[in-house]
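K.L.:
Okay, handing you the structure first.
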Amino acid sequence: NAGVMQNPRHLVRRRGQEARLRCSPMKGHSHVYWYRQLPEEGLKFMVYLQKENIIDESGMPKERFSAEFPKEGPSILRIQQVVRGDSAAYFCASSPRRGPYEQYFGPGTRLTVT
Amino acid sequence: QQQVKQSPQSLIVQKGGISIINCAYENTAFDYFPWYQQFPGKGPALLIAIRPDVSEKKEGRFTISFNKSAKQFSLHIMDSQPGDSATYFCAASNIGGSQGNLIFGKGTKLSVKP
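Those protein sequence lines, which keep their order, are chains A and B. Going left to right, the first sequence walks through residues -7 to 106 as this note's numbering numbers them. Going left to right, the second sequence walks through residues 923 to 1036 as this note's numbering numbers them.
Now the structure itself:
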């Protein structure tokens, strides 16, 4: 059973470009949480999605950031018009149900904005 | 503001020694306290977790001690090994009142010297 997959693992974007981060949950998991980790910081919750629904986006910046989890395919975190402050590691965690118990994290996408 | 404070920021322990990492929280509604281990370039992995109805939980060399009145919990790693060298994060969640997102501490970088 493959674990949570994220791609790309590393992404370099110039200021003003768009970044698309993908997360494929574990088989049978229909819940996805996205977290952001700034250097020397802990992970901070961004958004929680179930298939085709955004359940909680309270941790996501109001502008430039969006997320989706379509019926088919991976969950996508999209950052428009990236700025240097967006440079961070972005992790997704998948779970078979709502709640903190069984969140399995992917290896992360390290975004660098130049 | 919901917050989890973790200390120390870094820790050096000799092989065979005891590693102790402490966390404190403010929100009394938190009722789930996991610890995650993260190796460089990898996503966090769940190590051990505790609910507030018990004061201690042990799994192998890893023990969580929980003090509800002081709103503190700690991770003890007995007989520390070089392979334990990693960053450790404490976290907290309010199972009933949230959608399951985790609130993380800033992390402790543990180095176990041979």
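No residue lacks a Cβ here, since even glycine has one placed at the ideal position from N, Cα and C. This one's a predicted model, so the numbers in the text were calculated from it and none came from an experiment.
Kindly confirm or deny that the region 1018 to 1029 of chain B and the region 99 to 106 of chain A touch, where touching means at least three C-beta pairs closer than 8 Å.
P.N.:
Not touching, per the Cβ criterion.
K.L.:
Between the C-alpha atoms of Ser58/A and Pro99/A, what's the straight-line distance to the nearest angstrom?
P.N.:
Working through the first sequence from its first residue, we reach residue 58/A at position 66. Working through the first sequence from its first residue, we reach residue 99/A at position 107. Approximately 21 Å between the Cα atoms of the pair.
K.L.:
Among the candidates Cys15/A, Met(-3)/A and Val(-4)/A, whose CA atom is the shortest distance from the CA of Arg70/A?
P.N.:
Along the first sequence, one-based indexing puts residue 70/A at 78. The option with the nearest alpha carbon to Arg70/A is Cys15/A.
K.L.:
Report the rounded CA-to-CA distance for Ile972/B versus Phe988/B, giving the unit in angstroms.
P.N.:
As a first step, residue 972/B is located in the second sequence; it is residue number 50 there, counting from the start. As a first step, residue 988/B is located in the second sequence; it is residue number 66 there, counting from the start. Approximately 8 Å, taken between the alpha carbons.
K.L.:
Could you have a look at Pro974/B and say whether DSSP puts it in helix, strand or coil?
P.N.:
Numbered from its first residue, the second sequence carries residue 974/B at position 52. Of the three classes helix, strand and coil, the one that applies to Pro974/B here is coil, per DSSP.
K.L.:
Between Pro66/A and Glu44/A, how many whole angstroms is the CB-CB distance? I'm expecting something under 8 Å.
P.N.:
Position 74 of the first sequence, counted from the start, is the residue given in the question as residue 66/A. Position 52 of the first sequence, counted from the start, is the residue given in the question as residue 44/A. Wrong, their Cβ atoms sit about 13 Å apart, outside the cutoff.
K.L.:
Which same chain residues, not among the five before or five after Phe955/B, have their C-beta less than 6 Å away from its C-beta?
P.N.:
For the purposes of this step, residue 955/B is taken as the residue at position 33 of the second sequence. Same-chain partners within the cutoff: Ile972, Phe995 and Ala1014.
K.L.:
My understanding is that Ser1033/B touches Ile934/B, with C-beta atoms under 8 Å, so please give their C-beta distance in whole angstroms.
P.N.:
In the second sequence, residue 1033/B corresponds to position 111, counting from 1. In the second sequence, residue 934/B corresponds to position 12, counting from 1. At roughly 5 Å, the Cβ-Cβ gap stays under 8 Å, so Ser1033/B and Ile934/B are in contact.
K.L.:
Considering only C-alpha positions, which residue in the set Ser941/B, Gln959/B and Lys990/B is nearest to Gly1027/B?
P.N.:
Against the second sequence, residue 1027/B aligns to sequence position 105. The option with the nearest alpha carbon to Gly1027/B is Gln959/B.
K.L.:
So which residues of chain A does Ala967/B contact, with C-beta pairs closer than 9 Å?
P.N.:
Residue 967/B sits at position 45 when you count from the first residue of the second sequence. Those within 9 Å of Ala967/B in chain A are Tyr96 and Phe97.
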